[in-house]
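Step one of this worksheet: look at the structure below.
4 protein chains.
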Amino acid sequence: MNFGSDNMAGFSPEMLDALARVNDGRAMPYGADAVTARLKARIAEVFETEVEVFPVATGTAANALSLALMCPAWGAVWCHPESHVNTDECAAPEFYTGGAKLIAVPGGHGKFTAEALSGALEYAGYRGVHEAQPAAVSISQASESGTVYSVDEIAAIAEVCRGRDLGLHMDGARFANALVTLGCSPAEATWKAGVDVLSFGATKNGALAAEAVVIFADRFRGRAAEMGFRRKRAAHLFSKMRFLSAQLEAYLARDLWLRNARHANAMAARLAEGLAAIPGVSLAHPVEANEIFPVLPSPARDGLRADGFEFYDWPDAGPDGVRLICAFDTAEADVEAFLASARRHADAAA
Amino acid sequence: MNFGSDNMAGFSPEMLDALARVNDGRAMPYGADAVTARLKARIAEVFETEVEVFPVATGTAANALSLALMCPAWGAVWCHPESHVNTDECAAPEFYTGGAKLIAVPGGHGKFTAEALSGALEYAGYRGVHEAQPAAVSISQASESGTVYSVDEIAAIAEVCRGRDLGLHMDGARFANALVTLGCSPAEATWKAGVDVLSFGATKNGALAAEAVVIFADRFRGRAAEMGFRRKRAAHLFSKMRFLSAQLEAYLARDLWLRNARHANAMAARLAEGLAAIPGVSLAHPVEANEIFPVLPSPARDGLRADGFEFYDWPDAGPDGVRLICAFDTAEADVEAFLASARRHADAAA
Amino acid sequence: MNFGSDNMAGFSPEMLDALARVNDGRAMPYGADAVTARLKARIAEVFETEVEVFPVATGTAANALSLALMCPAWGAVWCHPESHVNTDECAAPEFYTGGAKLIAVPGGHGKFTAEALSGALEYAGYRGVHEAQPAAVSISQASESGTVYSVDEIAAIAEVCRGRDLGLHMDGARFANALVTLGCSPAEATWKAGVDVLSFGATKNGALAAEAVVIFADRFRGRAAEMGFRRKRAAHLFSKMRFLSAQLEAYLARDLWLRNARHANAMAARLAEGLAAIPGVSLAHPVEANEIFPVLPSPARDGLRADGFEFYDWPDAGPDGVRLICAFDTAEADVEAFLASARRHADAAA
Amino acid sequence: MNFGSDNMAGFSPEMLDALARVNDGRAMPYGADAVTARLKARIAEVFETEVEVFPVATGTAANALSLALMCPAWGAVWCHPESHVNTDECAAPEFYTGGAKLIAVPGGHGKFTAEALSGALEYAGYRGVHEAQPAAVSISQASESGTVYSVDEIAAIAEVCRGRDLGLHMDGARFANALVTLGCSPAEATWKAGVDVLSFGATKNGALAAEAVVIFADRFRGRAAEMGFRRKRAAHLFSKMRFLSAQLEAYLARDLWLRNARHANAMAARLAEGLAAIPGVSLAHPVEANEIFPVLPSPARDGLRADGFEFYDWPDAGPDGVRLICAFDTAEADVEAFLASARRHADAAA
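As structure tokens, then:
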């Protein structure tokens, strides 16, 4: 019974059908195939606007390529200190950009506010040629603390970006989880609120390994050829791309992405509700998507693990913090079993 | 009827079964899963030696990571002018190494000799700190001209490398095709002949997208941790790695890799034999694997295309050169149809 | 009357004599000359230990090369948020390292404590391959706020570094200014306290353009050949290196470096004393070297500038903060004139 | 008596005067000083056109920055196999560009023809996204073999560049030597013939350490701000830039650059003439500037060295090839002494 991460889940059965379906003989390689063409049209439809789409296989690739497009080697990107781009990619954004600088903007619960960003930018550019040039801002949606930026919060951040001519990137490794929480359209959650480039994740929510860079803003869409070179030299241009595209197509078909995310979020909500009711247990962050960060006394942690539950200690959530993640395939019975175990061990400790 | 590239083929049915089989609930991510552990043991068994194995999804990633491990940013790699690393990766090796230099060693039919290499290296290092430091040699097996290095040829090249303390990398995007031609063991074709690091390809020969860097040499195996960081920051560490590993496991199971390669090579041999018998048609290179480079008069090329055959013009093989590639799934009937069409159009032109 | 920066000063007359003296016909290039050999021996003598010495022409080059030697492309360097490497080098350390990450450790008055460093490092490495690998720590001596780390403070930071196998770099662009404040030997101020690599600055203290990377630690001295390649490919290997070395030789001869620094520090102390006595004027940071950060009411700032004094507004020192720097050639009369002007305009405003 | 390289010479006396003259108190740093402003105007005047000027201290910096401006990280630069950028900069161009590719275009005597370039480019771009994108061409003037491109030869190369939208860079480390040979104006030798960016060298011809990137072409001048960031993060923005600029100003004053180059060339011509008259001695390349590449029998080489003459063996000029370079300060008596010694030892061997 594993609550370690949504990337420990397998894939949705629809994925296998999709792979089998497009494995029908020869196809043009490197994205010149019919599946990829359909996918691009489908993403444009889902987001209700013209887009450029670059399928890749990892979230780190989507993020690093996005930031490399948005930020020169002598530029700077503002992001949350605990964001994936800042702490979980072994400096891939720095590698892909050719040495740009990520600057941390603190904020509670994995998010920063437009005000905090504005403050962090107050003297940006003051040192002229001597400093890394302000280029972009990156936010994670849902955040690494399981919270979700509201559309208004995004729009406020985007306004700060516009005022300083900074691109706005959204790391959407868990975009579907955030979207079902927001209850708005994909367009409202992204470009209508001012997002320029989205790392659109599918791997954590039912695919085998499939993400896409989705470019909304004209100024970055106009550099799609450059992005093609960047993706190729980063070794992320798949020859048999139809098998990447087919995953994303299946992901968007019949609302699979939203159904999967809704289930994961519901399981997380149930887990949060159950945990919050246990004396001595608290939640380090609001639970707004599929991640839960409970503060669990040591005996409860040990007991849960003895009962076969797997999860990570999470120092960012405090000394007794742990991280639990629900996925599209998390069984309700496992959630209830977890809660029962947690209750038992918490009682015993009390 | 597509003879454009083996990367235009789909995947072997065994792949789908393998993916389905390992999609059995939760697994540790990032390669800490049981499938990946089994794969490493299996590759060690196949190559009869201790190895480090790094699965990735593209051949460019395997090559660029290999060379980055073997060559510092201020180093140089000697390779054939038409090698994939030199001409088909949009400078990915340069990107991954941090700016190393690829130096071309010419040679007929896509290969260079130990003598040519030795000559190219004669004054390497003479300029001391002023020049890129000699670090590695890369050969393609099978080569980009469809030829195969004999074991003795590899051993001779390896001896030149040893004499100058250079690492020897083999780009094995079509390693299986070369191996069935050589008729020796995987060990004899690689580390026993002096190969230090192998890009072991599966994508072109039946996988969806799966390759592996296989490290033989102690001095590079000793830097496996560094390779782990390099793979991660290059965004090629897959979270759900079991789905990469499962492809490679299936590839090696029940000799699928060799069966697929044997079929592709046999189809190429048949095509070559048939084409060579057509007056006015010649072969630019010996056909030793699954690639054929016929010189086809323009009317024959046009006629074939009008009949629905797809293939690339290939200037490296001369003004009338084309490239045909057979894959694991190339149908004998298609080969015969191609030959019939070629004969017909060549006759008409004569 | 310019208090803008010590890099707005010219050079000490001794420099010209030294350049003339070594301009005596032909010499081996690229550092194989007698002057450079003498310089290395002299620096070893001054620091009382074996060293490797790499003369370069800018402080940014010295810092970026040092950090590139100490930190791999997938590594991280901890430094003060306002340190020169972090804010004033347009991401040169990121460029030279190939994309390493600089992580800010806050602290008052331009310095951080061993405790703050230890706290910042608490979970460093926890995310394994996913995070930039802890590699080095960099401190500025004197700091960008004009303060000086005591030998004990350095030793405490070095102990944290040793406990985690991190290299300790010192940005000594104003090392001489710090040293005369400390009143200890160069050895005590550096390697005896645990510094591994020093950017030894001369430009700001009387040279035209001359700095040196001085490597103390065995593990980094053992990689001097690598440093040679790094310097060359960064385009900082001067052909006529004797003219760089001659500046550094003159700098160290007859205590020129210490005499120049003592004068600059004395002028700064006088300025600080005088300013502190003016009602309404305060000092944002203790004055321990040659930089002063007064908080000056706007009328005083305007008045001083109207009287012909040049200096920068310095937001890091607060909304009314300015930066004044004294150099080896700052005239006592200019200091007194500045104080008189400041007093007059402060009085007028009161 | 050293004929090793022009970078083994010292500096012209005018340099010291210039440095002393501009060491007159405080000046704005980083190129915002009056000397640098004057220099820019002076270079515009000398070249009779609008230019952007970026002084740096090494030829490698000038070349690497120029190519980084002209070629993206995924681009390719065509150059002569023996060019300085290709063989003598430890892959600095690859580092500065972020991993671009240098492709060798062979040609006799250190130069390539427009035809050879055109042939090398025939299939450039054919592989689309898979190959490094054609971006620039670099030629050395004078070449590394001591020859000089005629204005017509440059114009023909420039026409090939224009036809493919490639930038044309000239490595002018010995530009003055070439110019006095051509006998035309600086404008005719550069932008009027189609050169876009010039590495304008002074170090080898009388300066201490001073070069400048001179940008002619509008499309690159329009990116001067970017060049400023590139220079800064490469650590080549000198704080006391007036001392770089002063060298270049003195270099251009009263025709010092041309006088120095004329002398060096004349000495080389005398040496060449004398050597050519010795039986058994030949010249590997025409002598058109200040470099001579004689083929000297081994006894003559040994004898010359025994007599105290210093010079390099030069394998590129053949097994018995050596390189002799004359500089602005090469004494006629030394040339005659060299010839006398060579004659004596050649006679003895005959």
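Top line first, the protein sequences correspond to chains A, B, C and D. Numbers in my numbering are just positions in the first sequence, counted from 1, shifted up by 9. Numbers in my numbering are just positions in the second sequence, counted from 1, shifted up by 9. Numbers in my numbering are just positions in the third sequence, counted from 1, shifted up by 9. Numbers in my numbering are just positions in the fourth sequence, counted from 1, shifted up by 9. Backbone N, C-alpha and C fix where the C-beta goes; we use that ideal spot for every residue, glycine too.
Bridge partners - residue i, DSSP secondary structure assignment
i, result
"W87 (chain B)", "B:I112 and B:V146"
"G332 (chain A)", "Gly is not the amino acid found at residue 332 (chain A); the sequence shown has Arg there. According to DSSP, R332 (chain A) bridges with A:Y321."
"V223 (chain A)", "A:V62 and A:L207"
"L177 (chain D)", "D:V146"
"L292 (chain A)", "A:P303"
"N11 (chain C)", "C:E319"
Within chain A, partners of residue i - CB distance below 9 Å
i, result
"D33 (chain B)", "G19"
"P324 (chain C)", "E131, Y132 and Y135"
Same chain, Cβ closer than 6 Å to residue i, neighbours up to 5 away in sequence not counted
i, result
"S14 (chain D)", "I334"
"A70 (chain A)", "H245"
"N11 (chain D)", "M17 and E319"
"A1 (chain C)", "Residue 1 (chain C) falls outside the range modelled here, since chain C spans only 10 to 359, and no answer is possible."
Sequence-distant residues of the same chain with beta carbon closer than 8 Å to residue i, five excluded per side
i, result
"R30 (chain D)", "A255"
"G84 (chain C)", "T106, A109, K110, A141, Q142, P143, A144 and A145"
"G68 (chain C)", "H93, D180, A182, S208, G210, T212, K213 and E220"
Other residues of its chain near residue i: CB distance less than 7 Å, five sequence neighbours each side excluded
i, result
"P90 (chain D)", "A113 and P115"
"V296 (chain D)", "G155, A277, A278 and A281"
"F121 (chain A)", "H89, V114 and P115"
"V160 (chain D)", "L191, C193, E197, A198 and A202"
Contact list for residue i against chain C, beta-carbon separation under 7 Å
i, result
"C99 (chain A)", "W83, V138, H139, E140 and A141"
"N11 (chain D)", "R35"
"A73 (chain D)", "A244"
Cross-chain neighbours of residue i in chain A, by beta carbon under 7 Å
i, result
"G107 (chain D)", "A82 and G107"
"A70 (chain B)", "A244"
Beta-carbon gap between residue i and residue j smaller than 7 Å
i, j, result
"A286 (chain A)", "F302 (chain A)", "no"
"F225 (chain C)", "W200 (chain C)", "yes"
"M236 (chain C)", "F63 (chain C)", "yes"
"L78 (chain C)", "F229 (chain C)", "yes"
"C99 (chain B)", "K241 (chain A)", "yes"
"A66 (chain A)", "A73 (chain B)", "no"
"H178 (chain B)", "S147 (chain B)", "yes"
"A129 (chain D)", "V189 (chain D)", "no"
Interface residues of chain C facing residue i [CB-CB closer than 9 Å]
i, result
"F104 (chain A)", "A82, W83, G107 and G108"
8 Å Cβ cut-off: residues of chain D touching residue i
i, result
"T67 (chain C)", "A244, H245, L246, F247 and S248"
Cross-chain neighbours of residue i in chain B, by beta carbon under 7 Å
i, result
"V37 (chain A)", "Position check: residue 37 (chain A) holds Met in this sequence, whereas Val was assumed. By Cβ distance, chain B contributes M17."
"T212 (chain A)", "S248 and K249"
Chain-ordered neighbours of residue i on chain D, where CB pairs are closer than 7 Å
i, result
"A29 (chain C)", "L25"
"S14 (chain C)", "P38"
Residue i: contacting residues in chain A (beta-carbon distance under 8 Å)
i, result
"L217 (chain B)", "L28, K249 and F252"
Looking at chain A, which residues of the stretch 122 to 143 of chain C have a Cβ within less than 7 Å of any of its Cβ atoms?
Taking 7 Å as the cut-off between beta carbons, the residues of the stretch 122 to 143 of chain C near chain A are Y132, Y135, R136, V138, H139, E140 and A141, in sequence order.
Taking a cut of 8 Å between CB atoms, which residues from the stretch 228 to 245 of chain D lie near chain C?
The stretch 228 to 245 of chain D vs chain C, Cβ under 8 Å: F238, K241, R242, A243, A244 and H245.
Of the residues that make up the stretch 78 to 97 of chain D, which ones have a beta carbon closer than 8 Å to any beta carbon in chain A?
Taking 8 Å as the Cβ-Cβ cut-off against chain A, the residues of the stretch 78 to 97 of chain D that qualify are P81, A82 and W83.
Contact set between the stretch 184 to 196 of chain C and chain D, restricted to residues whose Cβ is under 9 Å from the partner:
Of all residues in the stretch 184 to 196 of chain C, none has a Cβ within less than 9 Å of some Cβ in chain D.
Below 9 Å between beta carbons is the criterion; list the residues of the stretch 250 to 264 of chain A that meet it against any residue of chain B, in chain order.
Within the stretch 250 to 264 of chain A, the residues whose Cβ lies closer than 9 Å to some Cβ of chain B are M250, R251, F252 and L253, listed in chain order.
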